[in-house]
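Trainee: Every letter in the sequence shown is one number past the one before it in full-length UniProt numbering, and letter 66, counting from 1, is 66.
Quick one: the structure is below, and I'll ask about it shortly.
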Amino acid sequence: MGKKLFLIRHGQTDWNFAHKYQGQCDIPLNKTGISQALSVASQLADENIDGIFSSDLQRAAVTAEKIAQYHQDIELKTMPALREIDFGQWEGLKYQEIEREYPVHLKKWSENPGEIIPPGGESLLELQTRVISQVEEICQENQGNNLVLVTHGGVIRALLTYILNMSVDYYWKIEVVHCAITIVKYYDGEFILSSLNCCSGKL
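This is the structure in structure tokens:
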């Protein structure tokens, strides 16, 4: 029997709203983010969920807690390996500030992100490696069929480029919306993308 993974990006934070590079800084949800989390939790309320997993950063963990309130027999498990990419010295900076201070790095990051590492941070391949390892472990070690993973935009992009056999240089070609649901199916060690950024309707 295959598994269905519900991949969810956390709700909005003030840094998202301000277009700051957030990375592994532990920024809380803002009011909009809490509302988004409540909405996706309601959307998943009637699903037969067998496991809920989350990044340990609070913006993801609180989003996951809202979902878990509808599935109180399920233990929420937080995992550092589901954290966002480490942006190093870029964390807390706006795009314009990075453009001013790191113009060469940012140009490559925008055009060929697989070829650049944010100063003091993590490469996309490093991100992808830890994410794939953790998600495969979750799939292999959990008997349930419907698993919720609450994580970050970069994590979901890294997973999808892997699933679609795309270079990480296509990372920015995938948009991941706050608290939308992306569904991936897992059969015999293989991932299949089923739907992207579902915001309403039957899952």
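From the three backbone atoms N, C-alpha and C, an ideal C-beta is built for every residue, glycine too.
Secondary structure at HIS105, three-state DSSP: helix, strand or coil?
Mentor: helix
Trainee: Classify ASN16 as buried or exposed, calling it buried when 16 or more other Cβ atoms lie within 10 Å of its own Cβ.
Mentor: buried
Trainee: Starting from THR63, trace the alpha helix (DSSP H) in both directions and tell me its first and last residue.
Mentor: 58–68 is the span of the alpha helix (DSSP H), which, as asked, contains THR63.
Trainee: Could you tell me which of GLY2, ILE117, GLN12 and CYS139 sits nearest to VAL40, measuring between CA atoms?
Mentor: GLN12
Trainee: Have a look at ILE156 and TYR70 and give me their C-alpha separation to the nearest angstrom.
Mentor: 24 Å
Trainee: Among LYS185, LYS108, VAL177 and PHE191, whose alpha-carbon lies nearest the alpha-carbon of ILE8?
Mentor: Of the candidates LYS185, LYS108, VAL177 and PHE191, the one whose C-alpha sits nearest the C-alpha of ILE8 is VAL177.
Trainee: Roughly how many angstroms lie between the CA atoms of GLN89 and LEU124, to the nearest whole one?
Mentor: 16 Å
Trainee: What is the residue span of the beta strand (DSSP E) that GLY92 lies within?
Mentor: Counting along the chain, GLY92 falls outside any beta strand (DSSP E), and DSSP gives it neither H nor E.
Trainee: What number of angstroms, rounded off, separates the C-alpha of GLY114 from the C-alpha of ILE174?
Mentor: Between GLY114 and ILE174, the C-alpha separation is close to 14 Å.
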